[in-house]
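For reference, the structure is listed below as structure tokens.
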Amino acid sequence: MEKIDKLDKKIMEIISANARIPFKDVAAECGVSRAAIHQRVQRLMDLNVITGSGYFVNPKSLGYSTCTYVGITLEKGSMYRTVTKELESIPEIVECHSTTGPYALFIKLYARDNEQLMDILTNKIQGIQGVSSTETLISLDQSIKRQIPIILE
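Residue numbering for the sequence shown follows my numbering, starting at 3 and increasing by one per position.
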């Protein structure tokens, strides 16, 4: 992997705080040209250091008031790929992690209400071949949401 230097880190710090900031403003803050910022950002994207950019939709604004985390236990740990493929077909699931510990998979999903949550759990997730059990944790409030810190050295 190519080396990430102090300028790259400064750029990432600025655009992580505000992805909509114009490159000319990033350039002015970093003391380099707008073309240099554009080239650096493109390079960081090509290296998969920066992944994606854009807008995040507030699920509550679309009627999804229940944020839930579900730990999934599998009949066999080796089934995680096939189960994950089935989970991908459930649009309310926004994250899926293969984990260590008591669960083979840990997912995050949004539901409109508890009735829809129960339907997703019982009729969709628990119906997937290989899922032996689930444990559900409903998020009451998101207290912290941030990017990973970029340490300038």
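Idealized CB from N, CA, C, for every residue including glycine.
Legend entry - 6 Å CB neighbourhood of P61 in its chain, flanking five on each side removed: Numbered from its first residue, the sequence shown carries residue 61 at position 59. Answer for P61: Y112, listed in chain order.
Inset, instruction - Any chance you could list the beta strand (DSSP E) runs of at least 3 consecutive residues sitting entirely within the region 51-113, in chain order? - result: 68-76, 95-100, 107-113
Legend entry - Bounding residues of the alpha helix (DSSP H) (the contiguous stretch that carries I16): Residue numbering aside, residue 16 sits at position 14 when the sequence shown is read from its first letter. That run of the alpha helix (DSSP H) goes 8-19.
Inset, instruction - Count the other C-beta atoms from every protein chain shown that fall within 10 angstroms of the C-beta of R42, then say buried if there are 16 or more, exposed otherwise. - result: Position 40 of the sequence shown, counting from 1, holds the residue named residue 42. Looking at its Cβ environment, which holds 16 or more other Cβ atoms inside 10 Å, R42 is buried.
Legend entry - Residue range of the beta strand (DSSP E) that includes I140: Position 138 of the sequence shown, counting from 1, holds the residue named residue 140. Residues 133-141.
Legend entry - Span of the alpha helix (DSSP H), counted from its first residue to its last, around I26: Here residue 26 refers to the residue found at position 24 of the sequence shown. First, the amino acid is wrong: residue 26 is Lys here, not Ile. Residues 25-32.
Legend entry - C-beta contact flag for T53 and I140 at 8 Å: For this step, residue 53 is matched to residue 51 along the sequence shown. For this step, residue 140 is matched to residue 138 along the sequence shown. Against a cut-off of 8 Å, the Cβ pair of I140 and T53 comes out as no contact.
Legend entry - When E4, K8, A21, D7 are compared against R148, the one with the closest alpha-carbon: Here the question's residue 148 lines up with position 146 in the sequence shown. Selected option, being the one with the closest Cα: A21.
Inset, instruction - Would you check if the region 116-134 and the region 84-99 touch, i.e. whether three or more CB-CB distances between them fall below 8 Å? - result: yes
Inset, instruction - Can you tell me the Cβ-Cβ gap for I16 and A29, rounded? I've got them flagged as a contact below 8 Å. - result: Within the sequence shown, residue 16 is the residue found at index 14, counting from 1. Within the sequence shown, residue 29 is the residue found at index 27, counting from 1. Wrong, their Cβ atoms sit about 10 Å apart, outside the cutoff.
Legend entry - I122 in three-state terms, based on DSSP: Here residue 122 corresponds to residue number 120 of the sequence shown, with the count starting at 1. Residue state, collapsed to three classes: helix.
Inset, instruction - Pull up the distance between the alpha-carbon of I109 and that of V72, whole angstroms please. - result: For the purposes of this step, residue 109 is taken as residue 107 along the sequence shown, with counting starting at 1. For the purposes of this step, residue 72 is taken as residue 70 along the sequence shown, with counting starting at 1. Looking at the two C-alpha atoms, the distance is approximately 5 Å.
Legend entry - K78 versus S135, K5, P93, residue with shortest Cα-Cα distance: Within the sequence shown, residue 78 is the residue found at index 76, counting from 1. That would be S135, whose Cα lies nearest to the Cα of K78.
Legend entry - For K8, the nearest candidate out of F25, L46, P24, K26 (CA to CA): The residue you call residue 8 lines up with position 6 of the sequence shown. Among F25, L46, P24, K26, the Cα nearest to that of K8 belongs to L46.
Legend entry - CB contact flag (I74, L107, <8 Å): Numbered from 1 along the sequence shown, position 72 holds the residue referred to as residue 74. Numbered from 1 along the sequence shown, position 105 holds the residue referred to as residue 107. A contact, by the Cβ cut-off of 8 Å.
Legend entry - Among T68, V59, R36, the one whose alpha carbon lies nearest that of D143: Locating residue 143 in the sequence shown gives position 141, counting from the first residue. Per the Cα distances, T68.
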